[in-house]
Amino acid sequence: MLLDALLQQGPSYGLLVTVDKCEVFWPSGDQTVPEFPSEIKRVYQSEGGTTLLGSPVYGKDDFIDSTLAKVVAKVLNSQSHLQDLDNPQVELHLLRSCLGSCTLNSLLRTVPPSLGSDQFVHFDKGLRRSLGVITHSSISDSAWHQATLPLKVGGLGLKEAVPTSSAAFLGSCNFSRNLVSFFLDKEASNTTDLDDITNSPYVCIPGENHARNILPKYLGSDTIPPNLTNASQRQIQSRIDSHLLSNLKEGFSLRDQARINTISTPHAGAWLKAIPNPKLGLAMLRHEHILTCRYWLGISIFPDSQQAARCPCGHVMDCFGDHVLGCGHGPLRKKCYNAISEVIWHALLVDNRDSKQEQKCGGESNNRIGDVFHPDFLEGRPAFFDVSVRNSMQPSYVYKAAIKPGAAAEAGE
Ligand SMILES: [Zn+2]
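In short: position in the sequence shown from 1, add 1185, done, that's this note's numbering.
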């Protein structure tokens, strides 16, 4: 038996079966399934409904709804305790990685969107509420849609359950269709007819047609593109995200275009992935993280420009804090410059202990100061690294940065 092979040979491949978490369900035959070890829990078909590995796989609509409601309530309750940690960086990590829609993924893949939508809507509202608590702000529709995008395109990776349910359920149908077809000895086809499941010559997955009908609205099209007909959850989700991003950009101001372009550049979201470990210097102060999240999402930092403080240069700071970040008179730009120089210097020190900061270049460079110096960088030749700090939100860069990602950085080269 396959299970015996897994139990005996799996450990040598690093595959460990947790027997007491396994369940076996055999609705059409002997439900005691004597072939399986007694430690494995048997799941029996009941009239009200049946749950397998936490997912309601069979039952009336109200059974499926109440099963989902219990799971969603449990996750939302855990989310409500995040603020007890009083550490927004840790809270956001946990929200994204442990208490977001990833927690529901097995449900999203097994429950048709038509049956789960009420609970998924409820879940999404809770997720948005939690982000508001973490950022200490009310989350606008635009900030929320951005937050639901992946980190690599400027989001916070807080996927909403409602659009994800279509991708997850259809991805699951596409993935399992051939296997179900083999077991039922029916032809695999995604053109199902729900009115006649029993007699249909095709594998019919209840809820699939509805999921296919609602998916185009998340893709911004009238129909499902041919290349997504049998696609995986990841492929479908990627198209949903692309459509959401382009929709978001259409309603954006020039500043917001520049902002989303800038934070979509490679590694811009690395701070969101960093494990908040103080010993590695990766933990952010509470207010640092709150303000950075708000800046990332385009949420104002000051109430409005009229009430904001003045910069030492005399300029009234805007409500987003763009001026103070880019102003040469304030301390932030200098601090940013120093921090980047330090990081480069420490990285070069690992390679060569004679690496130094602020060394004269000499020779044809008119003896100017190089920010970081490495005496033997490439084939015995020394190298000088210059650090330049540019902010895409500076008035002089906003227009270019709104058209081309990285335009402000290029200007500093
Ligand atoms: Zn200033």
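All C-beta atoms in this analysis are idealised placements derived from N, C-alpha and C, irrespective of residue type, glycine included. Computed from a prediction, not measured in an experiment: that's the story for all the values here.
Rounded to whole angstroms, how far is the Cβ of residue i from the Cβ of residue j, which I believe are closer than 8 Å?
i: L1467; j: A1459; result: 4 Å
i: H1508; j: H1500; result: 5 Å
i: L1289; j: V1318; result: About 20 Å separates the two Cβ atoms, so there is no contact after all.
i: C1512; j: C1498; result: 6 Å
i: V1260; j: F1305; result: Not really, about 12 Å apart at Cβ, beyond 8 Å.
i: I1425; j: A1352; result: 6 Å
i: P1488; j: G1392; result: Not really, about 47 Å apart at Cβ, beyond 8 Å.
i: F1437; j: I1448; result: With a Cβ gap of about 12 Å, F1437 and I1448 do not count as contacting.
Would you check whether ligand 1 has a heavy atom nearer than 7 Å to the C-beta of residue i?
i: C1512; result: yes
i: P1497; result: yes
i: G1515; result: yes
i: H1266; result: no
i: H1500; result: yes
i: H1508; result: yes
Buried or exposed for residue i, please, with buried defined as at least 16 other CB atoms from any protein chain shown within 10 angstroms of its CB.
i: R1566; result: exposed
i: K1464; result: exposed
i: E1372; result: exposed
i: V1572; result: buried
i: I1554; result: exposed
i: V1202; result: exposed
i: L1200; result: exposed
i: P1580; result: exposed
i: S1315; result: buried
i: S1223; result: exposed
i: L1379; result: Since pLDDT at L1379 reaches only 49, below the 50 mark, its modelled position is unreliable, and no value is offered.
i: M1186; result: exposed
i: R1599; result: With the chain represented from 1186 up to 1598, any question about residue 1599 goes unanswered, as that position is not in the structure.
i: I1475; result: buried
i: F1354; result: buried
i: H1266; result: exposed
i: T1408; result: exposed
i: E1564; result: exposed
So the candidates are the options; which of them puts its Cα closest to the Cα of residue i?
i: S1357; options: V1218, L1237 and L1293; result: L1293
i: Q1274; options: T1477, N1537, K1545 and L1533; result: T1477
i: K1434; options: L1482, K1206 and L1284; result: L1482
i: L1284; options: L1334, E1345 and P1297; result: E1345
i: Q1544; options: F1569, K1245 and I1448; result: F1569
i: W1329; options: L1430, K1337, Q1230 and V1528; result: L1430
i: S1286; options: T1349, S1231 and D1247; result: T1349
i: G1599; options: D1246, F1221, Y1403 and I1525; result: What is shown of the chain runs 1186 to 1598, which leaves residue 1599 out entirely.
i: H1307; options: S1251, E1527 and G1342; result: S1251
i: P1212; options: P1196, Q1194, S1231 and S1197; result: S1231
i: Y1403; options: H1395, Q1422 and G1454; result: Q1422
Since residue i is in the beta strand (DSSP E), which residue starts that stretch and which ends it?
i: H1266; result: Neither: H1266 is in no beta strand (DSSP E) and is coded neither H nor E.
i: T1236; result: G1234 to L1237
i: P1560; result: I1554 to L1563
i: G1342; result: Premise fails: G1342 is in no beta strand (DSSP E) and is neither H nor E.
i: H1568; result: What sits at residue 1568 in the sequence shown is Ala, not His. Here the beta strand (DSSP E) through A1568 covers R1566 to F1570.
i: S1240; result: S1240 to G1244
With respect to the alpha helix (DSSP H) encompassing residue i, which residues constitute its N-terminal and C-terminal limits?
i: A1443; result: L1439 to I1448
i: G1511; result: D1507 to G1511
i: Y1522; result: P1516 to D1536
i: Q1418; result: Q1418 to E1435
i: E1208; result: That residue, E1208, is in no alpha helix (DSSP H); its beta strand (DSSP E) goes E1208 to F1210.
i: Q1304; result: P1298 to T1320
Is there a Cβ from chain B that is less than 8 Å from the Cβ of residue i?
i: N1394; result: Within the model displayed, chain B is absent; a lone protein chain is all it includes.
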